[in-house]
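The structure appears right after this line, and notes come after that.
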Amino acid sequence: MKARTFRRHVKESFKSLGRNSWMTVASVSSVTVTLLLVGVFFVIMMNLNSVATSIEEDVEIRVHIDVAANDEDREVLKQQIGGITQVDSIEFSPKEEELDSLIDSFGEEGQAFKLVEQENPLKDVFVVKTKNPTDTINVAKKIESFNYVSSVKYGQGTVESLFKFIDISRNVGLILIIGLLFTAMFLISNTIKITIMARRREIEIMRLVGATNSFIRWPFFLEGLWLGILGSIIPITVVSLAYYYLFDLIQSKLAANNFIKLLEFNPFVFQLSAVLVLIGALIGIWGSLMSVRKFLKV
Amino acid sequence: MSNDSQWENNIQGDNNMIEMKDVYKKYPNGVTAANGINVHIEQGEFVYVVGPSGAGKSTFIKMMYREEKATTGTIKVNGVDLSKLKNKNVPIFRRNIGVVFQDFKLLNSISVYDNVAFALEVIEEHPTTIRKRVLETLELVGLKHKARMLPTELSGGEQQRVSIARSIVNSPKVVIADEPTGNLDPETSWGIMKILEEINLRGTTVVMATHNKEIVNKNKHRVIAIEGGKIARDQQKGDYGYES
Numbered sequence: 034m035k036a037r038t039f040r041r042h043v044k045e046s047f048k049s050l051g052r053n054s055w056m057t058v059a060s061v062s063s064v065t066v067t068l069l070l071v072g073v074f075f076v077i078m079m080n081l082n083s084v085a086t087s088i089e090e091d092v093e094i095r096v097h098i099d100v101a102a103n104d105e106d107r108e109v110l111k112q113q114i115g116g117i118t119q120v121d122s123i124e125f126s127p128k129e130e131e132l133d134s135l136i137d138s139f140g141e142e143g144q145a146f147k148l149v150e151q152e153n154p155l156k157d158v159f160v161v162k163t164k165n166p167t168d169t170i171n172v173a174k175k176i177e178s179f180n181y182v183s184s185v186k187y188g189q190g191t192v193e194s195l196f197k198f199i200d201i202s203r204n205v206g207l208i209l210i211i212g213l214l215f216t217a218m219f220l221i222s223n224t225i226k227i228t229i230m231a232r233r234r235e236i237e238i239m240r241l242v243g244a245t246n247s248f249i250r251w252p253f254f255l256e257g258l259w260l261g262i263l264g265s266i267i268p269i270t271v272v273s274l275a276y277y278y279l280f281d282l283i284q285s286k287l288a289a290n291n292f293i294k295l296l297e298f299n300p301f302v303f304q305l306s307a308v309l310v311l312i313g314a315l316i317g318i319w320g321s322l323m324s325v326r327k328f329l330k331v
Numbered sequence: 012m013s014n015d016s017q018w019e020n021n022i023q024g025d026n027n028m029i030e031m032k033d034v035y036k037k038y039p040n041g042v043t044a045a046n047g048i049n050v051h052i053e054q055g056e057f058v059y060v061v062g063p064s065g066a067g068k069s070t071f072i073k074m075m076y077r078e079e080k081a082t083t084g085t086i087k088v089n090g091v092d093l094s095k096l097k098n099k100n101v102p103i104f105r106r107n108i109g110v111v112f113q114d115f116k117l118l119n120s121i122s123v124y125d126n127v128a129f130a131l132e133v134i135e136e137h138p139t140t141i142r143k144r145v146l147e148t149l150e151l152v153g154l155k156h157k158a159r160m161l162p163t164e165l166s167g168g169e170q171q172r173v174s175i176a177r178s179i180v181n182s183p184k185v186v187i188a189d190e191p192t193g194n195l196d197p198e199t200s201w202g203i204m205k206i207l208e209e210i211n212l213r214g215t216t217v218v219m220a221t222h223n224k225e226i227v228n229k230n231k232h233r234v235i236a237i238e239g240g241k242i243a244r245d246q247q248k249g250d251y252g253y254e255s
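What follows is the structure in structure tokens.
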């Protein structure tokens with residue numbers, strides 16, 4: 034295609050937005066409503082996901098080392114654990130450190146334990162993290178079978194149900210978003226179909242004077258693109274502003290719960306905007322091309 | 012590009028502009044609109060197509076610009092065998108054919124100038140050429156001074172002249188007009204005829220379906236009468252031959 038033909042298509046697509054102004058408003062509104070829903074959902078989903086991820090990342094395996102083990106045995110055990118492919122990091126925490134952190138966790142009252150520091154009842158610990166949190170249970174079971182392992186703790190019971198819960202909520206969110214997108218496509222292709230019914234004549238005349246199908250399609254393609262982009266402006270503005278103001282509010286309420294953190298405004302809102310523009314453009318183009326298709330058959 | 016060269020090869024050197032051989036057309040609803048038509052129309056001819064309503068005139072005309080396909084038989088227009096023409100090549104075929112309708116088929120949202128320029132834009136002509144040719148053509152049909160107006164601001168006769176301008180702006184070899192004066196008063200109709208005669212004098216083949224007895228009888232040309240999907244009469248410098 035020649036550059037000036039492309040310029041013509043661009044010009045033509047803008048003109049036709051103006052000429053069919055009511056249809057433009059209708060199509061843009063339906064894109065706007067859908068993207069607003071998708072945007073709100075996306076914010077909730079992504080934040081839930083990030084909370085879930087941070088909870089998962091807090092999951093660790095604590096391997097209590099048998100008191101009978103000497104330095105050499107411990108080194109062997111460390112290598113054995115490191116040999117498991119799913120293991121990401123192993124940190125050694127001597128029993129003195131363990132006692133300190135235990136005493137710390139009791140706060141003021143913990144000071145009473147200072148007395149027993151001479152006879153530390155605790156054991157040395159390897160803190161093991163897996164590459165993928167869901168591997169925790171399998172890795173823990175493997176480690177249990179090694180020599181000089183006194184016990185393995187990873188929050189048995191709680192972790193299993195936590196993972197299950199996270200898994201379900203992720204899938205439900207994904208299904209909802211996909212469902213929403215399909216509804217959006219249906220809505221938009223119907224709106225655009227109505228606009229194109231009104232422009233049947235235009236297409237008929239274009240064919241009559243010898244316009245090829247691709248020549249006819251181009252302005253409609255671009256028009257769909259503009260409709261999608263125009264339709265994403267309000268949702269982006271609304272969702273961004275809402276996130277900006279709600280972020281501080283919610284974050285301060287959640288401050289006590291230090292493991293729940295919302296996604297930072299920057300870059301999240303910019304990623305969100307990019308996603309909404311992209312979805313808007315895609316459904317706009319798709320709707321437009323789908324509806325012009327049936328008029329292009331000879 | 013390969014399509015274009017194939018195209019060139021299709022065009023033959025003979026004088027036949029339109030050729031139909033044993034053409035039958037049966038619509039899915041059972042109506043037979045063409046019942047064995049054989050006809051030759053040579054380059055530069057002016058032909059009236061007459062006949063009662065529902066006799067198959069429209070189908071005869073529509074098959075020439077491939078709006079309808081023949082059920083059996085061969086149709087060649089400007090050297091192109093329409094039975095072998097692929098759907099995607101129909102637009103390219105139509106660039107060599109100007110079509111004029113009773114209801115003008117203009118785009119009412121754009122100016123007279125843009126309506127005519129449209130036919131050149133789709134074939135990606137150079138803007139300077141488009142400007143020159145559109146103005147020349149509008150001058151030919153006597154509407155240069157109304158180029159910036161919208162079709163709805165013109166009279167019926169003027170709208171038909173815009174439609175003719177659009178059909179001839181890319182210098183087609185043949186102009187097919189389906190009842191071009193059907194919606195116009197007698198005086199305006201003569202204006203349209205004058206333009207079609209002028210186009211014909213410049214060497215363009217004109218095929219015109221009409222119900223206008225006065226025009227056929229006064230501006231004598233070849234007359235093809237269609238009745239019951241067949242050619243009932245084919246007469247050089249013929250008469251209209253029907254009552255109304």
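Which chain is which? The protein sequence lines are A and B, in order. Take the first sequence: its letter number 128 is residue 161 in our numbering, and every next letter is one higher. Take the second sequence: its letter number 173 is residue 184 in our numbering, and every next letter is one higher. Backbone N, C-alpha and C fix where the C-beta goes; we use that ideal spot for every residue, glycine too.
Annotation: Cβ neighbours of A244(A) in chain B (cutoff 7 Å, chain order): P102 and V133. Residue contact with chain A for N181(B): present (Cβ-Cβ distance below 9 Å to some residue of chain A). Using beta-carbon distances, P138(B) counts as an interface residue toward chain A, with a partner under 9 Å. Residues S273 and Y276 of the same chain have their beta carbon placed closer than 7 Å to that of V302(A), with the five preceding and five following residues left out of the count. By a beta-carbon distance limit of 8 Å, S183(A) contacts I98(A). Their separation comes to about 6 Å. Under the Cβ distance rule, F71(B) does not count among the residues neighbouring chain A, no pair being separated by less than 9 Å. Residue nearest to I72(B) within the set P197(B), V110(B) and K248(B) is V110(B) (criterion: CA-CA distance). Of the candidates E177(A), F139(A) and P127(A), P127(A) places its Cα closest to the Cα of P154(A). L117(B) has a beta carbon lying within less than 9 Å of a beta carbon in chain A.
Per the C-alpha coordinates, the member of V92(A), F280(A), G257(A) and S178(A) positioned closest to I316(A) is G257(A). Under the Cβ distance rule, V42(B) does not count among the residues neighbouring chain A, no pair being separated by less than 9 Å. Boundaries of the beta strand (DSSP E) around M31(B): N27 to K37. A Cβ-Cβ separation of about 5 Å places L195(B) in contact with G167(B) under the 8 Å criterion. By the C-beta density criterion, A36(A) is exposed, having fewer than 16 other C-beta atoms within 10 angstroms. Contact between I141(B) and A128(B) holds: their C-beta atoms lie close to 5 Å from each other, under 8 Å.
Proximity of the region 259-272 of chain A to the region 71-83 of chain A meets the contact definition, three or more beta-carbon pairs being nearer than 8 Å.
Listed in chain order, the positions of the region 256-290 of chain A with a beta carbon within less than 7 Å of a beta carbon of chain B would be empty, since no residue qualifies.
At a C-beta separation below 7 Å, R106(B) has these neighbours in chain A: G243. For A45(B), there is no enclosing alpha helix (DSSP H); the residue is found in the beta strand (DSSP E) stretching over T43 to E53. Look at H42(A) here: in three-state DSSP terms it is helix. Within a 10 Å sphere around the beta-carbon of L93(B) sit 16 or more other beta-carbons, which makes this residue buried.
The Cβ neighbour count for M239(A), taken over all protein chains shown within 10 Å, is at least 16; the residue is labelled buried. Unbroken alpha helix (DSSP H) runs of no fewer than 4 residues, entirely contained in the region 157-236 of chain A, are found at 169-177 and 191-230, following chain order. Distance from the CA of R234(A) to the CA of F328(A), rounded to the nearest whole angstrom, comes to 10 Å. Within chain B, the C-beta atoms nearer than 8 Å to that of K35(A) come from E135, in chain order. The shortest CA-to-CA distance from S321(A) to any of M34(A), M56(A), P300(A) and K174(A) is the one to M56(A). Residue burial annotation: A314(A) is buried, with at least 16 other C-beta atoms found within 10 angstroms of its C-beta. Shown in chain order are the members of the region 52-81 of chain A whose Cβ falls below 8 Å from a Cβ of chain B: R52. Residues of chain A whose Cβ lies closer than 8 Å to the Cβ of S120(B) are, in chain order, R52. Annotation: the region 137-190 of chain B contains the following complete segments of the beta strand (DSSP E) (minimum length 3 residues), in chain order: 185-189.
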